[in-house]
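Reading through the structure tokens given below for one structure.
Protein chains: 2
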Amino acid sequence: MNLQRLFRPESVAVVGASKTEGKIGYEAMANAVEFDGRVYPVNPSGEGTVFGEEFVGSVTEIDEAVDLALLAVPAPVVPDVLAECGEADVGGAVIYAGGFAEAGEEGEQLQREIVDIADEHDLALLGPNTSGFVAPARNLLASFAGGVERFEPGEVTILAQSGGVAHQLAFHALREGRGVATMVGLGNRANVGFEEAIPYFDSDPDTGAIVLHVEGTDDGRALLEVCRDADTPVIAYKVGQSDVGAFAESHTGALTGDHELYTAGFAQYGVPTVESTTELFDAGQALASSPTPDGPNVGVVTAQAGPGIIIADRLQRQGARLPELSEETQDRVGEILPGITYADNPVDTGRPMPEFGEVVAAVAEDDNVDIVLVYELYEEALGFPLDEVAGLADRVDKPVLFATEGPAESMADDLADLRAAGVPTFTSPERGADATALLARYAGLADEDREVSADV
Amino acid sequence: MNLQRLFRPESVAVVGASKTEGKIGYEAMANAVEFDGRVYPVNPSGEGTVFGEEFVGSVTEIDEAVDLALLAVPAPVVPDVLAECGEADVGGAVIYAGGFAEAGEEGEQLQREIVDIADEHDLALLGPNTSGFVAPARNLLASFAGGVERFEPGEVTILAQSGGVAHQLAFHALREGRGVATMVGLGNRANVGFEEAIPYFDSDPDTGAIVLHVEGTDDGRALLEVCRDADTPVIAYKVGQSDVGAFAESHTGALTGDHELYTAGFAQYGVPTVESTTELFDAGQALASSPTPDGPNVGVVTAQAGPGIIIADRLQRQGARLPELSEETQDRVGEILPGITYADNPVDTGRPMPEFGEVVAAVAEDDNVDIVLVYELYEEALGFPLDEVAGLADRVDKPVLFATEGPAESMADDLADLRAAGVPTFTSPERGADATALLARYAGLADEDREVSADV
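Note that the protein sequences, when read in sequence, are chains A and B.
Mapping of the first sequence onto numbering that gives the first Met the number 0: position 89 corresponds to residue 88, and the numbering continues sequentially without gaps.
Mapping of the second sequence onto numbering that gives the first Met the number 0: position 7 corresponds to residue 6, and the numbering continues sequentially without gaps.
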């Protein structure tokens with residue numbers, strides 16, 4: 000199935016567009032008009048204009064074949080609207096309405112009906128039962144939720160089984176000054192599921208990492224196989240370790256399945272897994288903006304010992320290693336900071352200082368180190384070692400991550416500068432450690448995956 | 000030992016106060032002058048004034064017995080300064096310098112020396128090797144770190160073995176619009192450790208919950224006993240599950256000890272434990288601002304199913320229970336929202352709506368429910384159900400927690416209103432679930448503790 004017209008349309012129709020505030024047809028239209036391309040409000044009972052665009056009675060009356068239709072209409076009307084979309088050679092449709100496979104036998108029948116119509120017309124369906132998708136770089140807001148116009152362009156694509164979780168992730172990214180490549184809520188996955196979306200975004204030039212929120216799917220192996228075949232890093236958050244089956248089934252029509260099988264399967268197919276939405280986006284950000292690490296050996300540089308201990312402990316528990324630094328590096332650190340608090344790994348400088356960035360660079364250049372994690376509390380008089388850290392990851396071809404905390408307002412600009420320089424930033428020692436440990440695990444899984452492939 | 004003059008002084012001396020920016024004696028003085036009481040800069044070579052206060056040559060020259068001395072002097076000078084403090088009848092001292100028990104045999108000897116001096120004069124010592132403490136309600140900034148003047152007064156007291164972790168926690172609280180009762184970095188705990196500080200803050204009228212960051216202590220049982228004896232809720236974050244002994248010893252002179260023994264001990268003595276700084280403060284906030292729950296039964300109300308599944312799953316895995324709602328409640332919810340998406344527990348309203356607050360109130364009033372957790376993505380047009388949620392916890396005498404996410408700027412005021420109304424708020428489903436699960440565990444531990452006490 001070709002998803003190009005669904006996710007990269009030139010033109011959009013909002014079917015069920017409305018002038019009545021609070022209606023989904025109003026919210027969807029309010030968002031859609033932000034799009035850089037052409038947008039048509041469609042409603043047989045619509046009169047005049049809405050958000051400056053003239054109402055059209057049906058998609059069949061538009062004098063071009065619209066790429067994407069956003070269906071802000073109730074479930075029972077969807078089959079007829081889809082048939083019209085097919086007739087008008089629309090390429091893809093987002094179906095916001097619930098009342099399909101998640102809602103009992105009648106709904107399942109309705110969903111089979113719309114899949115048949117879509118298949119007949121080669122129409123890609125996002126949903127039903129989704130809040131849609133958003134591609135900030137093109138101002139394409141195919142979601143009815145408020146506030147999505149604030150999302151910034153970024154490198155991480157979110158593929159969430161739940162539209163609510165997709166929005167949770169994207170708003171969380173926004174809160175932390177991070178962007179999103181494309182945010183997708185898959186919903187009931189009538190004919191566009193993980194198996195179709197992952198290959199599409201793997202070849203998307205804007206996507207540097209794909210993060211998955213998975214409740215369950217009928218064909219776990221197919222999901223794992225598209226993950227393995229992707230060149231883009233993929234990370235998964237599989238929900239449902241305890242018995243939430245009944246509630247989950249009422250949601251997107253999927254059972255949560257056997258959690259351990261999924262987790263083992265993901266690992267076997269080279270996909271590291273995480274345990275929370277925060278960890279998921281942190282990991283995506285770290286993978287999208289970093290060189291792929293060669294191994295699990297982490298060099299830690301900290302300006303405060305307490306957070307350094309938290310980091311060292313958490314890294315080791317998650318399978319990362321803290322190698323000894325080379326004698327050369329120890330000598331260099333000793334020269335930069337005579338009488339340094341602790342010159343092993345972690346390197347503890349005792350407090351932030353002007354030489355801090357030099358120490359980070361020395362550790363990053365150590366051949367024993369595959370990944371660098373830095374922690375320091377922000378001091379306004381010193382700021383961050385931007386000059387030393389910007390470009391460092393590319394120069395040494397290793398991920399360099401930065402964890403910090405401090406007065407949010409006074410550090411905001413300096414933190415934005417770090418992010419703009421491509422340095423992944425985290426506001427707690429644990430979040431920095433978790434993202435670093437994930438990179439370490441990714442290095443290991445990528446190795447194993449290559450070995451498996453070589454055997455075949 | 001009386002800690003009143005250390006933590007609630009009427010007057011403060013900064014020994015080693017300096018006019019040279021960047022020196023700790025300058026930073027400590029810059030912070031100290033914010034204090035509501037009298038502040039004396041002390042330096043035998045000081046001339047004129049610093050921050051508008053006249054230099055004094057020694058604490059013995061001040062014509063009152065100062066309550067608290069902040070020692071911004073190098074380690075070798077500390078014994079002499081402390082002897083002068085004793086002579087001048089100072090009540091407590093904060094020792095910022097490192098170079099004591101964490102720094103080998105010579106340092107250990109120096110630490111024994113200062114403890115002897117302090118004991119002789121009944122002087123309470125915070126540190127050495129700490130960044131100090133902060134009590135925002137009294138503008139008492141006994142820390143040399145920048146930005147601490149921004150901390151807001153709150154109900155959670157932080158007792159961290161590491162000054163860096165204490166500041167990490169307090170700055171994180173600030174970032175999220177939360178206050179701090181007192182933030183304390185204990186450092187080397189020369190004669191004020193957990194065993195002294197916990198009973199003191201247990202009787203502190205400003206403290207609603209005490210959160211502990213523990214690396215290790217020589218007398219684990221004494222720590223557990225003061226925790227058990229405290230009426231104020233105590234939560235612990237024990238660091239060091241993997242082998243970080245050498246680095247930890249170089250830090251505050253303590254081994255991290257046996258992690259499992261600590262965790263089991265805390266549970267046995269009624270102290271729930273957490274696994275991160277974020278979880279620690281979240282839990283403290285939830286316990287400080289909520290009625291004590293009667294049991295582990297959680298009623299979940301969500302406006303989006305996906306985050307609701309995450310929450311249900313995470314709660315159950317951490318020992319909370321999701322009871323069936325009473326028939327009466329189910330009927331009420333059905334009347335409020337005919338055709339509701341999922342009227343079991345979690346109650347899923349499908350999307351935010353004007354009736355959302357009524358549904359929350361109905362679930363909160365259910366006798367099967369001990370704790371309420373609400374999740375909804377923020378919608379600007381609707382805001383939060385402030386009227387229904389404010390005062391609800393007190394009325395039903397149960398904790399009511401609120402998790403959400405949305406465009407940070409547009410939701411900031413509404414979120415602040417919720418917090419001002421005493422509702423603990425969290426910006427991810429997992430953080431809401433973790434804080435709720437901790438309340439559930441706390442209810443269980445409190446029960447067991449009461450039973451144990453009854454047996455004795």
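For glycine and all other residues, C-beta sits at the position ideal for the given N, C-alpha and C.
TODO: Just the C-alpha distance for VAL273/B and GLU429/B, rounded to the nearest angstrom, thanks.
DONE: Start at 1 with the first residue of the second sequence, and residue 273/B comes out as number 274. Start at 1 with the first residue of the second sequence, and residue 429/B comes out as number 430. C-alpha separation (whole angstroms): 13 Å.
For this session: Would you kindly work out how many angstroms separate the C-alpha atoms of THR129/B and LEU437/B, rounded to a whole number?
Result: Taking the first residue of the second sequence as 1, we reach residue 129/B at position 130. Taking the first residue of the second sequence as 1, we reach residue 437/B at position 438. Distance between the alpha carbons of THR129/B and LEU437/B: 29 Å.
**Message:** Cβ closer than 7 Å: which chain A residues qualify as neighbours of ASP312/B?
**Reply:** Numbered from 1 along the second sequence, position 313 holds the residue referred to as residue 312/B. Result: VAL238, GLY239, GLN240, SER241 and VAL243.
Is there a Cβ from chain A that is less than 8 Å from the Cβ of PHE193/B?
As a working note, residue 193/B is residue 194 in the second sequence. It does not: the Cβ of PHE193/B has no partner Cβ on chain A nearer than 8 Å.
**Prompt:** Taking C-beta to C-beta, are ASN138/B and ASP66/B nearer than 8 Å?
**Reply:** Your numbering for residue 138/B matches position 139 in the second sequence. Your numbering for residue 66/B matches position 67 in the second sequence. It is not a contact, given that the beta carbons lie outside the stated cut-off.
Taking 8 Å as the CB-CB cut-off, is GLU378/A touching chain B? Residue numbering aside, residue 378/A sits at position 379 when the first sequence is read from its first letter. Closer than 8 Å to some Cβ of chain B, the Cβ of GLU378/A qualifies, so yes.
### Query
Can you tell me the Cα-Cα spacing of ASP21/B and ALA31/B, whole angstroms?
Translated into positions along the second sequence, residue 21/B becomes position 22. Translated into positions along the second sequence, residue 31/B becomes position 32. With the sequence shown as reference, residue 21/B is identified as Gly, and Asp is not the correct amino acid for it. Whole-angstrom Cα-Cα distance: 15 Å.
**Asked** For SER161/A, which residues in chain B fall below 8 Å Cβ to Cβ?
**Response** Along the first sequence, one-based indexing puts residue 161/A at 162. Ordered by position in chain B, the residues that pass the 8 Å Cβ test against SER161/A are GLN303, ALA304, GLY305, PRO306 and ILE308.
| query | Under a three-way DSSP split, which group does ALA411/A fall into? | reply | Within the first sequence, numbered from 1, the residue matching residue 411/A stands at position 412. ALA411/A falls in the helix class under three-state DSSP.
**Asked** Going by the beta-carbon positions, is the gap between LEU324/B and ASN367/B smaller than 8 Å?
**Response** Within the second sequence, residue 324/B is the residue found at index 325, counting from 1. Within the second sequence, residue 367/B is the residue found at index 368, counting from 1. Against a cut-off of 8 Å, the Cβ pair of ASN367/B and LEU324/B comes out as a contact.
Considering only the alpha carbon of each residue, which of ILE116/A, ALA74/A and GLY91/A lies closest to GLU105/A? Within the first sequence, the letter at position 106 stands for residue 105/A. Closest by alpha carbon: ALA74/A.
Exercise. According to a CB-to-CB cut-off of less than 8 Å, which residues of the segment 348-361 of chain A neighbour chain B?
Worked result: GLY349
* Would SER452/B be called buried (16 or more neighbouring beta carbons within 10 Å of its own) or exposed? -> For the purposes of this step, residue 452/B is identified with residue 453 of the second sequence, where counting begins at 1. Low per-residue confidence applies at SER452/B: pLDDT is 42, beneath 50, and the placement is therefore not dependable, though the value from the model is reported in the following sentence. Under this definition SER452/B is an exposed residue.
request  = Please compile the residues from chain A whose C-beta is within a distance smaller than 7 Å of the C-beta of GLU214/B.
outcome  = On the second sequence, position 215 is the one that residue 214/B refers to. The answer, in chain order, is ILE308.
**Asked** Which one of GLU259/A, ALA411/A and ARG418/A has the shortest CA to CA distance from LEU400/A?
**Response** As a position in the first sequence, residue 400/A is number 401, starting the count at 1. The shortest CA-to-CA distance from LEU400/A to any of GLU259/A, ALA411/A and ARG418/A is the one to ARG418/A.
Point to revise | Supposed close pair PRO127/A, ALA68/A - CB separation, criterion 8 Å | key: Stepping through the first sequence from its first residue, residue 127/A is reached at position 128. Stepping through the first sequence from its first residue, residue 68/A is reached at position 69. Going by Cβ atoms, the distance from PRO127/A to ALA68/A rounds to 13 Å, so no, they are not a contact pair.
So, with DSSP's three-state summary, where would you put GLY178/B? By 1-based counting over the second sequence, the position of residue 178/B is 179. GLY178/B falls in the coil class under three-state DSSP.
Helix, strand or coil, according to DSSP, for ASP396/A in the structure here? Position 397 of the first sequence, counting from 1, holds the residue named residue 396/A. Note: ASP396/A maps to coil in three-state DSSP.
- Message: Is the separation between the beta-carbon of GLN240/A and that of HIS212/A shorter than 8 Å?
- Response: As a working note, residue 240/A is residue 241 in the first sequence. As a working note, residue 212/A is residue 213 in the first sequence. Not in contact: GLN240/A and HIS212/A (Cβ atoms no closer than 8 Å).
For the segment 150-162 of chain B and the segment 305-320 of chain A, state whether three or more C-beta atom pairs, one from each stretch, are separated by less than 8 Å.
yes
### Query
So what's GLU450/A in DSSP terms, helix, strand or just coil?
Sequence index remark: in the first sequence, residue 450/A carries index 451 (1-based). Confidence in GLU450/A is poor, its pLDDT being 44 and thus under 50, which makes the residue's placement too unreliable to answer from.
Could you spell out where the alpha helix (DSSP H) holding HIS212/A opens and where it closes? Counting from 1 along the first sequence, the entry for residue 212/A is found at position 213. HIS212/A -> not in any alpha helix (DSSP H); beta strand (DSSP E) instead, spanning 208-213.
Query raised in the report: Is the number of C-beta pairs between the segment 267-284 of chain B and the segment 189-205 of chain B that are closer than 8 Å three or more?
Result: no
On the three-state DSSP scale, how would you describe ALA92/B?
Taking the first residue of the second sequence as position 1, residue 92/B is located at position 93. Here ALA92/B sits in strand by DSSP.
- In chain A, which residues lie less than 7 Å from GLY405/B when you measure between Cβ atoms? Numbered from its first residue, the second sequence carries residue 405/B at position 406. Within 7 Å Cβ-Cβ: GLY146 and PHE170.
Under 8 Å: do the segment 1-12 of chain B and the segment 280-294 of chain A share three or more Cβ pairs, one atom per stretch? No: fewer than three Cβ pairs fall under 8 Å.
Can you name the residues that DSSP bridges to VAL297/A? As a first step, residue 297/A is located in the first sequence; it is residue number 298 there, counting from the start. In the DSSP output, where bridge partners are listed per residue, VAL297/A has ILE370/A.
**Q.** Under 8 Å by beta carbon: chain B residues contacting LEU173/A
**A.** Looking up residue 173/A in the first sequence gives position 174. Residues of chain B passing the Cβ test: PRO406 and ALA407.
Review point. What separation, rounded to the nearest whole angstrom, lies between the Cα atoms of ALA136/A and VAL155/B?
Key: Here residue 136/A refers to the residue found at position 137 of the first sequence. Here residue 155/B refers to the residue found at position 156 of the second sequence. Roughly 42 Å between the two C-alpha positions.
Can you find at least 3 beta carbon pairs, one from the segment 230-240 of chain A and one from the segment 173-187 of chain A, that sit closer than 8 Å? no
Separation of VAL114/B from PRO423/A, as counted between CA atoms | The residue you call residue 423/A lines up with position 424 of the first sequence. The residue you call residue 114/B lines up with position 115 of the second sequence. So the alpha carbons of these two residues sit roughly 44 Å apart.
| field | Neighbourhood of LEU444/B by C-beta distance below 8 Å, restricted to the same chain and skipping five residues each side | value | Taking the first residue of the second sequence as 1, we reach residue 444/B at position 445. Cβ neighbours of LEU444/B beyond the five flanking positions: ALA266, GLY269, VAL270 and PRO271.
- [ ] Assuming VAL395/A and VAL359/A form a contact by the criterion Cβ under 8 Å, report the distance between their Cβ atoms to the nearest whole angstrom.
- [x] One-based indexing of the first sequence puts residue 395/A at position 396. One-based indexing of the first sequence puts residue 359/A at position 360. Their Cβ separation, rounded to whole angstroms, is 11 Å, which puts VAL395/A and VAL359/A out of contact at 8 Å.
Using the Cα positions of ALA434/B and LEU336/A, report the straight-line distance between them to the nearest angstrom.
One-based indexing of the second sequence puts residue 434/B at position 435. One-based indexing of the first sequence puts residue 336/A at position 337. Cα to Cα, the separation comes out at about 42 Å.
Check your understanding: Hey, would you say PRO406/B sits closer than 8 Å to PHE246/A, going by beta carbons?
Key -> Indexing the second sequence from 1 puts residue 406/B at position 407. Indexing the first sequence from 1 puts residue 246/A at position 247. No. Outside cutoff.
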